[in-house]
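Contents: one structure, followed by commentary.
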Amino acid sequence: MTTIKRPDGRKFDELRKIEAKVGIIPNADGSAMFSFGDTIAIAAVYGPKKMHPQHMQNPEKGTLRCTYNMLSFSVTERARPGQNRRSQEIGKVTEWALSPIVLIDKYPNNVVDVHINIIQANASTRCAGINAAAMALAHAGIPMKGMVSSVSIGKLDKQLVVDLCKKEEDWEEGEGATDIPITFTNEGEITHMQLDGKITQKQLKEAIELGRKACKEIYEIQKKALKDAVDEEK
Amino acid sequence: MDRKAITPGELIIEGEDYLPGEGTEKRGKGIYAQKFGLVEETNKLIRIIPLSGTYQPRRGNVVIGKVENINFNGWIIDIGAPENGFLSLMEVPRYVNKDALEEVMEIGDMVVAKIWNMNKRGIDLSIKSRGFGKIDEGMIIRINPNKVPRVIGKEGSMVSLIKDETGCNITVGQNGVIWIQGDTIEKELLAKEAIMFITENCFVSGLTEEVKKWFENKK
Numbered sequence: 000m001t002t003i004k005r006p007d008g009r010k011f012d013e014l015r016k017i018e019a020k021v022g023i024i025p026n027a028d029g030s031a032m033f034s035f036g037d038t039i040a041i042a043a044v045y046g047p048k049k050m051h052p053q054h055m056q057n058p059e060k061g062t063l064r065c066t067y068n069m070l071s072f073s074v075t076e077r078a079r080p081g082q083n084r085r086s087q088e089i090g091k092v093t094e095w096a097l098s099p100i101v102l103i104d105k106y107p108n109n110v111v112d113v114h115i116n117i118i119q120a121n122a123s124t125r126c127a128g129i130n131a132a133a134m135a136l137a138h139a140g141i142p143m144k145g146m147v148s149s150v151s152i153g154k155l156d157k158q159l160v161v162d163l164c165k166k167e168e169d170w171e172e173g174e175g176a177t178d179i180p181i182t183f184t185n186e187g188e189i190t191h192m193q194l195d196g197k198i199t200q201k202q203l204k205e206a207i208e209l210g211r212k213a214c215k216e217i218y219e220i221q222k223k224a225l226k227d228a229v230d231e232e233k
Numbered sequence: 000m001d002r003k004a005i006t007p008g009e010l011i012i013e014g015e016d017y018l019p020g021e022g023t024e025k026r027g028k029g030i031y032a033q034k035f036g037l038v039e040e041t042n043k044l045i046r047i048i049p050l051s052g053t054y055q056p057r058r059g060n061v062v063i064g065k066v067e068n069i070n071f072n073g074w075i076i077d078i079g080a081p082e083n084g085f086l087s088l089m090e091v092p093r094y095v096n097k098d099a100l101e102e103v104m105e106i107g108d109m110v111v112a113k114i115w116n117m118n119k120r121g122i123d124l125s126i127k128s129r130g131f132g133k134i135d136e137g138m139i140i141r142i143n144p145n146k147v148p149r150v151i152g153k154e155g156s157m158v159s160l161i162k163d164e165t166g167c168n169i170t171v172g173q174n175g176v177i178w179i180q181g182d183t184i185e186k187e188l189l190a191k192e193a194i195m196f197i198t199e200n201c202f203v204s205g206l207t208e209e210v211k212k213w214f215e216n217k218k
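Rendered as structure tokens:
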């Protein structure tokens with residue numbers, strides 16, 4: 000097997016430069032920014048507020064509603080603005096990734112809205128979105144069991160790598176690229192995993208362990224960003 | 000201040016002798032955070048003071064709300080919480096014609112009220128006490144509800160300081176709405192500025208002294 004070199008010269012288990020910040024949108028009840036290198040996601044949380052229309056209210060527990068949106072200038076070729084099939088799907092997936100940790104049952108008939116916007120895209124946008132959303136939810140004072148951190152694991156030919164960038168996502172040599180976005184809670188449980196492409200069982204297990212390690216790093220950054228927001232005000 | 004910031008899912012303290020309070024949860028032997036905020040410990044009770052987010056109503060809170068709608072037997076009041084408050088007609092101490100509830104309070108009027116009950120159906124408000132009822136004059140400002148405790152101060156020390164310095168009457172609603180009423184607009188504006196100063200410097204320790212200095216500089 001020939002050794003693979005990553006296009007941006009990173010090590011196989013090295014993340015791109017991460018930046019995280021909370022409280023970036025003054026009008027929202029909670030907000031956060033999260034970036035993996037050139038991928039930048041912002042998330043805004045509104046609520047809990049009364050669910051409208053009334054027929055969507057759930058008197059047993061609250062609702063978490065996520066919308067994911069890629070802004071038209073976020074990619075090289077202008078993206079058509081507004082919701083499309085892909086963004087609807089990612090919004091739903093984000094909702095599922097977040098719902099195990101958000102203790103929303105305390106707010107019956109209410110809804111918590113999470114709006115994720117990608118202002119610059121270079122692969123792993125859903126992971127950046129989930130990371131930003133988790134921070135924004137905490138910032139909005141929503142009760143949560145813990146935090147979630149998300150990372151994409153890729154397989155370039157036969158080599159597992161952490162945090163894919165756009166060039167690696169379009170890898171064509173050998174077996175091509177496989178993209179596996181995984182989300183972990185801070186206790187190391189998986190809340191979301193997607194897989195595009197082919198992978199062996201053994202390698203998938205390795206990929207999960209790799210993701211768990213990377214998510215620990217991301218979790219520390221998320222925690223630090225939240226705490227820095229407090230110190231800044233002091 | 001030695002109160003430390005905490006994020007959801009973090010272990011606050013381990014040990015059997017502590018009690019989990021608001022915003023915390025006991026899992027196994029440790030007490031874990033459920034909210035983002037500052038940790039406070041009083042008599043072995045651990046609780047979290049939230050720093051951001053929407054107003055969470057509580058029984059006994061004094062709130063200032065806006066009349067949003069009129070029912071056949073009362074007023075629906077927006078108090079800035081997920082649920083609207085309901086002020087019953089029975090709360091008004093005099094006879095009110097059921098066709099003319101507008102005569103007491105119209106849509107858009109501001110009202111000072113107390114939360115006396117919360118149940119599945121909603122939040123019941125009361126105005127059966129001195130200082131409650133419709134607001135006729137003055138100025139309304141809104142601040143972050145999480146900063147209300149700082150504006151009030153220890154046993155109301157901060158509010159009474161502003162009252163003494165400006166000669167205004169100030170009512171602080173727990174939902175972050177503040178009613179300022181003074182003789183002149185200048186006095187009201189000074190009180191408003193003072194409150195804004197507090198919200199911007201709400202983490203400074205010995206804030207009451209700082210506000211005193213701020214008032215001296217203004218004179």
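Chain order of the listed sequences is A and B.
For what it's worth, numbering that gives the first Met the number 0 labels the leading residue of the first sequence as 0, then goes sequentially.
For what it's worth, numbering that gives the first Met the number 0 labels the leading residue of the second sequence as 0, then goes sequentially.
For each residue, glycine too, the CB sits at the ideal point set by N, CA and C.
Note that this is a predicted model, so its numbers are computed, not measured.
DSSP-derived helix/strand/coil call for residue i
i               : result
A176 of chain A : strand
G90 of chain A  : helix
V210 of chain B : helix
L124 of chain B : strand
E216 of chain A : helix
I5 of chain B   : strand
N118 of chain B : strand
K10 of chain A  : coil
D77 of chain B  : strand
V229 of chain A : helix
E15 of chain B  : coil
Environment of residue i [buried if 16+ CB atoms lie within 10 Å]
i               : result
I5 of chain B   : buried
S159 of chain B : exposed
P58 of chain A  : exposed
G29 of chain A  : buried
P19 of chain B  : buried
CB contact below 8 Å: residue i versus chain A
i               : result
A4 of chain B   : yes
K146 of chain B : no
P81 of chain B  : yes
K34 of chain B  : yes
T198 of chain B : no
L44 of chain B  : no
L86 of chain B  : no
L50 of chain B  : yes
Where the alpha helix (DSSP H) through residue i begins and ends
i               : result
P148 of chain B : V147 to I151
K166 of chain A : K165 to E168
Proximity test, Cβ basis, 8 Å: residue i and chain B
i               : result
A122 of chain A : no
K222 of chain A : yes
C161 of chain A : For clarity, residue 161 of chain A is Val in the given sequence; the question names Cys instead. No, V161 of chain A lies away from the interface with chain B (no Cβ there is under 8 Å from its Cβ).
V113 of chain A : no
L97 of chain A  : no
L70 of chain A  : no
N109 of chain A : yes
First and last residue of the uninterrupted beta strand (DSSP E) at residue i
i               : result
C65 of chain A  : T62 to M69
L14 of chain A  : Looking at the DSSP string, L14 of chain A is not in any beta strand (DSSP E), and its letter there is neither H nor E.
H54 of chain A  : Counting along the chain, H54 of chain A falls outside any beta strand (DSSP E), and DSSP gives it neither H nor E.
F243 of chain B : What is shown of chain B runs 0 to 218, which leaves residue 243 of chain B out entirely.
I189 of chain A : I189 to M192
Q158 of chain A : Q158 to V161
I78 of chain A  : Note on identity: in this sequence residue 78 of chain A is Ala, with Ile being the wrong assignment. Here A78 of chain A belongs to no beta strand (DSSP E), and DSSP marks it neither H nor E.
R73 of chain A  : The question names Arg, yet the displayed sequence has Ser at residue 73 of chain A. From DSSP, S73 of chain A is part of no beta strand (DSSP E); its letter is neither H nor E.
V44 of chain A  : T38 to K49
**Asked** In chain order, which continuous runs of the alpha helix (DSSP H) of length 4 or greater are located wholly inside the stretch 18 to 67 of chain B?
**Response** none
**Request:** May I have a chain-ordered list of the alpha helix (DSSP H) segments no shorter than 4 residues that lie completely inside the stretch 95 to 150 of chain A?
**Result:** 124 to 138
**Prompt:** Enumerated in chain order, which unbroken segments of the beta strand (DSSP E) with a length of 3 residues or greater are wholly contained in the stretch 144 to 189 of chain B?
**Reply:** 168 to 171 and 176 to 180
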